[in-house]
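The sequence shown: position 115 = 115 (the working numbering), numbered continuously. Reading through the structure tokens given below for one structure.
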Amino acid sequence: MDNDLTSDGTEENEAEEAVDEAADSDLYDDEDAPERTEDGYGTLYADTEEKSRRDTVVSAEERTELAATQMESGQMQEALHHYREAVRMSSNNEQAVTGRTTLGDAYAYSGQGLNAFRQYRRAIKASPRRAEPHFSLGELYQRYGRLQQAITEYRKAVTFAPENAYYRYKLGDALASAGDLEAAVSELEETTHLKPQDGFYHFWLGDLYARADRDEEAIRELQQATMFAPYDAYYGVRLGAAYRKSGMTRDAAVATRQAVKIAPKNAAYLCFLADLYNDLGFDEYAVHYYSIAGTLDDYDTDNLARLRRHAGIVVEAFAGYLEAEAEAV
């Protein structure tokens, strides 16, 4: 982890000054750059076919495509090299800004936060009103826990690309993490206007409504989420939790049963459905689904606990299953 991105000092301004003073050679000054031999490429092009391919690359676009392919196959050093070359081969400022942002994203993905920060800052300096580098810098800040800086960059991204629903979603997510639910809800509401048939945005708006105890609105949005993404089991089980929180236990059981049909081996969902049957007095069904769930591992236990909190379930119904099993024996 890069301490300069996680501490609270003046390192950001110092880093910006260093970036502003740097020449294009900073594309190659990272410690993780591949070793170079007499031909300038070292083991990077040990494979004859790859070396031949490198010799035929004539544009920044081709470099970027080659880098993306290598990232997909896990060849990070090779990918970073080609992204750097793509920046050097850029034919205009717009292409260079895109290239630096993409290079920054690759650095961030490989855990090189400071190098990513440098590329984003240089992209922003070259084109301050381009949304993409602001957004990527916001993601980097959020990853390192610097929420206020992340919010600032996300706001700029939204300002310069107001039609981008995902940018607004990320701004809302950061605002919610910072404790400003009202502002977060406002951003997520806008995403559903921009993408009215995308279950993803309806789900996260519903999630925020639920966190703000706006239960009717939460149910409405979660219903929309399940309608536009009917095969997402988590959306369905969260709708069930919202119903249960509002006292609509039968509806909760129906929604959760549908989620279980989609994900029949999810132990947390099975136990949650059993909780609901237990609430409804259908003890045999409850015991049946607890039995199918079996012993929960830590992951399923945590998921079930979260579902119960979302649903307002206080009593550990699983204890009732254990008692019933003991009596049966």
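Idealized CB from N, CA, C, for every residue including glycine. Note that the structure is a prediction, hence the values are computed from the model and not measured.
With 16 or more other Cβ atoms from the protein chains shown falling within 10 Å of its own Cβ, T192 counts as buried. Assignment of L273 by DSSP, reduced to helix, strand and coil, places it in the helix class. By the CB criterion at 8 Å, L175 and A183 fall inside the cutoff. In the same chain as Q142, and ignoring 5 residues on each side of it, the C-beta atoms closer than 7 Å to its own belong to A150, A174, in chain order. Taking C-beta separations shorter than 6 Å and ignoring five residues to either side along the sequence, the partners of V97 in its chain run A123, A126, S127, R130, following chain order.
Separation of the CB atoms of L280 and R250 is rounded to 7 Å, and the pair is thereby assigned contact status at 8 Å.
Note on the region 56 to 130: whole alpha helix (DSSP H) runs with a minimum of 4 residues are 60 to 72, 76 to 88, 93 to 109, 113 to 126, in chain order. The C-alpha of D298 lies about 19 Å from the C-alpha of V314. Taking the CA atoms as reference points, E94 sits about 53 Å from C271. By alpha-carbon distance to K265, the top candidate from H82, G294, T152 is G294. Residue range 165 to 177 is occupied by the alpha helix (DSSP H) that includes A176. R146 carries a coil assignment under DSSP once its states are collapsed to helix, strand and coil.
In this structure A218 touches A210 by the C-beta definition: roughly 4 Å separates them, less than 8 Å.
Looking at the backbone, the Cα of F200 and that of L304 are separated by about 22 Å.
In this structure, DSSP gives G240 a helical state, which the three-state scheme calls helix. Here the C-alpha atom of H134 lies approximately 52 Å from the C-alpha atom of H288. A direct Cα-to-Cα measurement between R308 and A241 gives close to 7 Å. Counting only the Cα atoms, Y277 lies some 21 Å from L222. Taking 8 Å as the cut-off, the Cβ atoms of Y167 and Y154 count as close. Cβ-Cβ distances below 7 Å link Y231 to I262 in the same chain, with the five nearest sequence neighbours on each side left out; the list follows chain order.
For L66, the CB contacts under 6 Å within the same chain, skipping 5 residues up- and downstream, are H82 in chain order. Under the three-state reduction of DSSP output, T295 falls in the coil class, being neither helix nor strand. Ranked by Cα distance from L194, the options H202, E163, R214, R220 are led by E163. Taking a 10 Å sphere around the C-beta of G74, we find fewer than 16 other C-beta atoms and assign the residue as exposed.
By the neighbour-count criterion, in which a residue is buried when 16 or more other Cβ atoms sit within 10 angstroms of its Cβ, D275 is buried.
In terms of Cα proximity to A233, the closest of Y285, A252, Y269 is Y269.
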